[in-house]
Amino acid sequence: MNHAPHLYFAWQQLVEKSQLMLRLATEEQ
Numbered sequence: 063m064n065h066a067p068h069l070y071f072a073w074q075q076l077v078e079k080s081q082l083m084l085r086l087a088t089e090e091q
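Heads up: the sequence shown runs through residues 63 to 91, numbered per the working numbering.
Take a look at the structure:
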């Protein structure tokens with residue numbers, strides 16, 4: 063895990079973005 067911290071950071075950003083999009087989509091409906 064030490065050899066690729068940027069990969070972990072990018073994954074967290076992707077998860078946060080997807081969760082935000084899901085929240086916005088559910089709020090619209």
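Note that CB positions come from ideal geometry on N, CA and C, so glycine has one too.
Taking only the alpha-carbon atoms, compute the straight-line gap between residue i and residue j and give it to the nearest angstrom.
{"i": "E78", "j": "E89", "result": "17 Å"}
{"i": "A66", "j": "Q74", "result": "13 Å"}
{"i": "R85", "j": "H68", "result": "26 Å"}
{"i": "A72", "j": "M83", "result": "17 Å"}
{"i": "A87", "j": "Y70", "result": "26 Å"}
{"i": "S80", "j": "Q91", "result": "17 Å"}
Could you check where the alpha helix (DSSP H) with residue i kicks off and where it finishes?
{"i": "Q75", "result": "67 to 90"}
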